[in-house]
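First comes the structure, then the notes that go with it.
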Amino acid sequence: MSATSPMPRVPLAEASFWMPVQASQNAAATDHLFQFIFWLSAFFFALIMGLMILFVLKYRRRDPDQLGEGPSHNTALEVLWSVIPLGLVIAIFGISFVDFMKIVGPNAAPNAYDIGVTGQKWKWTFTYPNGYVDDALHVPVDTPMQLTLSSEDVIHSLYIPAFRIKQDAVPGRFTKMFFRATEPGEYVIFCAEYCGTSHSAMLSKVVVHRPGEYEKWLVEASNFLDKMPPADAGKKLFTQRGCASCHSVDGAAGTGPTLKGVFGSMQPLTTGQKVLADENYIRESILNPQAKVVAGFEPVMPTFQGRLKDREIGAIIEYLKTIKQ
Ligand code: CUA
Numbered sequence: 004m005s006a007t008s009p010m011p012r013v014p015l016a017e018a019s020f021w022m023p024v025q026a027s028q029n030a031a032a033t034d035h036l037f038q039f040i041f042w043l044s045a046f047f048f049a050l051i052m053g054l055m056i057l058f059v060l061k062y063r064r065r066d067p068d069q070l071g072e073g074p075s076h077n078t079a080l081e082v083l084w085s086v087i088p089l090g091l092v093i094a095i096f097g098i099s100f101v102d103f104m105k106i107v108g109p110n111a112a113p114n115a116y117d118i119g120v121t122g123q124k125w126k127w128t129f130t131y132p133n134g135y136v137d138d139a140l141h142v143p144v145d146t147p148m149q150l151t152l153s154s155e156d157v158i159h160s161l162y163i164p165a166f167r168i169k170q171d172a173v174p175g176r177f178t179k180m181f182f183r184a185t186e187p188g189e190y191v192i193f194c195a196e197y198c199g200t201s202h203s204a205m206l207s208k209v210v211v212h213r214p215g216e217y218e219k220w221l222v223e224a225s226n227f228l229d230k231m232p233p234a235d236a237g238k239k240l241f242t243q244r245g246c247a248s249c250h251s252v253d254g255a256a257g258t259g260p261t262l263k264g265v266f267g268s269m270q271p272l273t274t275g276q277k278v279l280a281d282e283n284y285i286r287e288s289i290l291n292p293q294a295k296v297v298a299g300f301e302p303v304m305p306t307f308q309g310r311l312k313d314r315e316i317g318a319i320i321e322y323l324k325t326i327k328q
């Protein structure tokens with residue numbers, strides 16, 4: 004999609020049986036804690052189940068009249084089984100707290116490079132410091148990064164398994180997440196909060212660039228409106244900004260009407276009127292989607308006011324003209 008030099012995928016062999024590859028500075032610590040809690044739980048599960056089975060067999064009633072005098076309590080045992088779990092829980096809290104503060108604490112990422120993240124049904128978009136918006140997250144390797152997340156509609160959650168980090172994107176407020184990528188490559192991004200019909204398709208990727216390549220990528224990617232014919236740029240924007248999550252271009256049904264053959268045609272509205280889908284109607288539908296809703300559809304589209312520039316809307320209109328048939 005974007006013009007980048009080929010990215011070597013990190014070999015799968017580096018992923019363990021349990022875990023994906025460790026590609027951030029905090030991944031190893033997070034995995035150690037997971038392993039610690041997992042094996043601790045496995046040990047006590049085996050111990051308790053084993054003793055229960057042993058005692059059931061060993062102390063079963065052999066004679067119908069046999070009624071033993073059992074001990075009513077044992078102070079030493081009771082202290083032991085209270086103090087040991089308490090110590091373990093405090094240890095887990097302590098390790099977690101130290102690791103957690105390294106990820107999100109006030110000194111987690113001083114002078115971090117900030118990228119904006121917007122969750123919207125059902126697409127992640129990433130806004131770079133120069134204003135360029137992409138549907139993939141691109142970051143330089145070994146650089147403290149800060150993501151500032153928000154949502155246009157419902158709660159989403161940005162989850163990067165290879166980095167062992169996850170953060171909710173909440174409408175009406177900003178949340179932050181920090182990381183430092185340690186391995187160049189491409190890793191999957193999920194939405195980890197159920198957000199409606201296409202939640203499971205709300206995927207993206209993070210591309211970790213080798214030193215010096217991120218800056219080149221950003222300059223090249225930012226210029227696409229100047230370099231591509233408007234219709235091609237419009238096609239790119241159509242996918243990149245999430246239009247394609249709801250509007251098909253092949254006539255298939257979606258959350259929104261298909262845009263195949265729409266430009267230049269008469270569209271029936273929920274009010275019973277009809278409207279000609281010309282440049283002005285398309286522009287209005289992008290900036291003020293609730294103004295004229297097509298019959299049979301819910302008024303659920305978010306506004307793109309302030310998110311698409313006039314030039315970008317123009318490019319999208321040029322693209323729509325190419326899918327008339
Ligand atoms: Cu967005 Cu699930």
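If you read the sequence shown in my numbering, its first letter stands for residue 4, the second for the next number, and so on. The beta-carbon is built from N, C-alpha and C at its ideal position, and this holds for glycine as well.
DSSP has residue i in a bridge; who is on the other side?
| i | result |
| --- | --- |
| G119 | T130, T151 |
| I163 | I168 |
| S27 | A184 |
| T178 | L152 |
| K277 | P271 |
| D137 | F129 |
| P67 | Answer is none; P67 lacks a bridge partner. |
| V297 | L272 |
Going by C-alpha to C-alpha distance, which of the options sits closest to residue i?
| i | options | result |
| --- | --- | --- |
| T121 | A112, Q149, F100, H159 | H159 |
| H250 | V24, T273, E72, I326 | I326 |
| L228 | L311, F46, V173 | L311 |
| S207 | A234, Q123, L50 | Q123 |
| G2 | T151, R183, T273 | Nothing in the structure corresponds to residue 2, since the chain is present only between 4 and 328. |
| P233 | K219, A318, I163, E301 | A318 |
| M148 | G259, A18, G199, H212 | H212 |
| S19 | D34, Q28, N29 | D34 |
| F307 | C246, T258, Y322, F266 | C246 |
| Y197 | M231, V157, G188, F177 | V157 |
| F177 | I168, P187, V191, S153 | S153 |
| I168 | Y135, T258, V209, G299 | V209 |
| K238 | A255, H141, L262 | L262 |
| Q28 | D138, Y135, D137, R183 | R183 |
| L140 | I56, G275, Y217 | Y217 |
| P187 | M104, A204, G257, P214 | P214 |
| L240 | I320, M104, L83, T258 | I320 |
| P23 | P88, W42, P164 | P164 |
| F181 | N283, C194, F166, F193 | F166 |
| A256 | V92, S44, G299 | G299 |
Does DSSP put residue i in a helix, a strand or coil?
| i | result |
| --- | --- |
| G188 | strand |
| Q243 | helix |
| V157 | coil |
| C194 | strand |
| K208 | strand |
| V142 | strand |
| R12 | In this predicted model, R12 has a pLDDT of only 48, less than 50, meaning its place in the structure is not dependable enough to derive any value. |
| L91 | helix |
| D253 | coil |
| S5 | Caution applies to S5, whose pLDDT of 41 falls short of 50 and renders its modelled position unreliable; the value that the coordinates give is listed next. In the structure shown, S5 sits in coil (DSSP, three-state: anything other than H, G, I, E or B). |
| Q308 | coil |
| H76 | coil |
| K324 | helix |
| A32 | helix |
| P113 | coil |
| Y62 | coil |
| N291 | coil |
| L262 | coil |
| G199 | coil |
| R314 | helix |
| K230 | helix |
| R286 | helix |
Taking only heavy atoms of ligand 1 into account, decide whether any of them is closer than 7 Å to the Cβ of residue i.
| i | result |
| --- | --- |
| Y197 | yes |
| G267 | no |
| M180 | no |
| G122 | yes |
| C194 | yes |
| W125 | yes |
| M148 | no |
| H250 | no |
| H35 | no |
| H76 | no |
| M231 | no |
| M205 | yes |
| H159 | yes |
Is there at least one Cβ from chain D nearer than 8 Å to residue i's Cβ?
| i | result |
| --- | --- |
| V136 | The displayed structure is made up of one protein chain only, and chain D is not part of it. |
Nearer than 7 Å: is that true of the beta carbon of residue i relative to any heavy atom of ligand 2?
| i | result |
| --- | --- |
| H202 | Ligand 2 is absent from the structure shown, which contains only ligand 1. |
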